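Residue numbers (my numbering): 727 to 1026. Where a beta carbon is used, it is the ideal one built from N, C-alpha and C, also for glycine. Quick caveat: nothing in here was measured; it's all calculated off a predicted structure.
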Amino acid sequence: MENTKKFLQKIGIEDVSKDYISPKRFDDGGQFRFEVPGIQSPKTMKALLNSASQNNLFIHRVTQTKGIMMLTDDEINEMVNLAKEYGCELFLSVGPRATYDTSATVHTKEGSRIGYRLRGYDNLVYAIEDVKRACRLGVRGILLYDEGLLWVLNQMRNDGEIPGNVHFKLSAHAGHSNPAAAKLLENTGLNSLNPVRDLQIPMIAAIRYATDMSIDLHTENPKSTGGFIRHYEVPDIIKVASPVYLKTGGSVAANHNWDTTEAEAIARIKQVKLVKRMIDEYYPDAIASPDKSSDLAVPE
């Protein structure tokens, strides 16, 4: 095993302990940001941002998970305008994916392992069209579930087919959980990785050591993905994973595509407030990214 470990070390992958402290930061100097996922409509986004302001909290990223194709142009425009006015990132997710397709396999126990990836040529085309539409409407953050789609979209971004300032993040539903996979994805153009939700602190540290892109980590989870809450671990998560997005509010939802109500959006802000209390008490020196930072993927 020692020869294998030496080779991994040579290519930038090491086994680091839970005491590892990441020296890496966002471009604005911050160690952490807040992300609230599962905000599916303009009205819930408005309720979320209003509640955040009332509680003196800043949400750096709002993520929609049901799919771009599930929103009208008017709804996307409204969400874009809300994000621009507030100064946060808006990430919309790719609509076509296996669970929306004619696949029977994906709905079986064995088939569920393919996650939300794309099936066939046509669905790849549909997904690209979904992303192009969002970009035309000003969105600059795209949530992906398929590594092949990431590769194509990165080529399109490099060739000027889509805006060069679009950020790509990969969902936990893609199932990545080790530093080699993270390096591969970063080298393919990924800006932000959401690894699987139940990684232990040293596992997270190994991914951070091997990569520079931001990592998105759930501080709590819907019942469908375990329902576990990691609030007391947040200070350690920040230390080992910086720069990190703290994905907060998930325990309010029953599942990934949960249609969050306005009341539930406000409940998600309570979760952010609880996480912020943990940071203030147990890691008061942690540096949050400033509000409306210039390196956020705010819509245009």
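*Buried or exposed: Q766, going by 16 or more other Cβ atoms within 10 Å of its Cβ?*
Answer is buried; the Cβ neighbour count reaches 16.
*Entirely within the stretch 958-995 and at least 4 residues each: give me those alpha helix (DSSP H) ranges in chain order.*
For the alpha helix (DSSP H) assignment, the uninterrupted runs of no fewer than 4 residues enclosed by the stretch 958-995 are, from N- to C-terminal side, 960-967.
_Taking the beta carbon of M805 as the centre, do at least 16 other beta carbons fall within 10 Å, making it buried, or is it exposed?_
Counting other Cβ atoms within 10 Å of its Cβ, M805 reaches 16 or more and is therefore classed as buried.
*Between D754 and the rest of its own chain, which residues show a CB-CB distance below 8 angstroms, the 5 nearest in sequence each way excluded?*
Once the five neighbours on either side are set aside, the close Cβ partners of D754 are S1015, P1016, S1019, S1020, D1021.
_Check whether the stretch 735-745 and the stretch 904-924 touch, using three or more Cβ-Cβ pairs below 8 angstroms as the test._
Because the criterion of three Cβ pairs below 8 angstroms is met, the stretch 735-745 and the stretch 904-924 touch.
*Tell me whether Q790 is buried or exposed, calling it buried when 16 or more other Cβ atoms sit within 10 Å of its Cβ.*
Here Q790 is buried: its Cβ has 16 or more other Cβ atoms, across all protein chains shown, within 10 Å.
*From V762, G867, A932, A773, pick the residue whose C-alpha is nearest to that of K731; which is it?*
Check the Cα spacing between K731 and each of V762, G867, A932, A773: the tightest is with A932.
*Contacting residues, own chain, Cβ-Cβ under 8 angstroms from H957 (five flanking each side not counted)*: Correct list, in chain order: T945, E946, L1000, V1001, M1004.
*Spatial neighbours of N920 within its chain, please: CB distance less than 6 angstroms, with the 5 preceding and 5 following residues excluded, ordered by chain position.*
Sequence-distant partners of N920 (beyond 5 residues in either direction) whose C-beta falls short of 6 angstroms from its own C-beta, in its chain, are S897, A898, D942.
*Per DSSP, which residues does E761 bridge with? Please list them.*
E761 pairs with R787, K973.
*Beta carbon of L783, beta carbon of I995: below 9 angstroms?*
Contact flag set, yes.
*Secondary structure, alpha helix (DSSP H): runs of 4+ residues fully inside the stretch 868-896*: Listed in chain order, they are 873-884.
*Give the single residue among G756, S838, G901 whose Cα lies nearest to the Cα of V970.*
For the residues G756, S838, G901, the minimum Cα distance to V970 belongs to G756.
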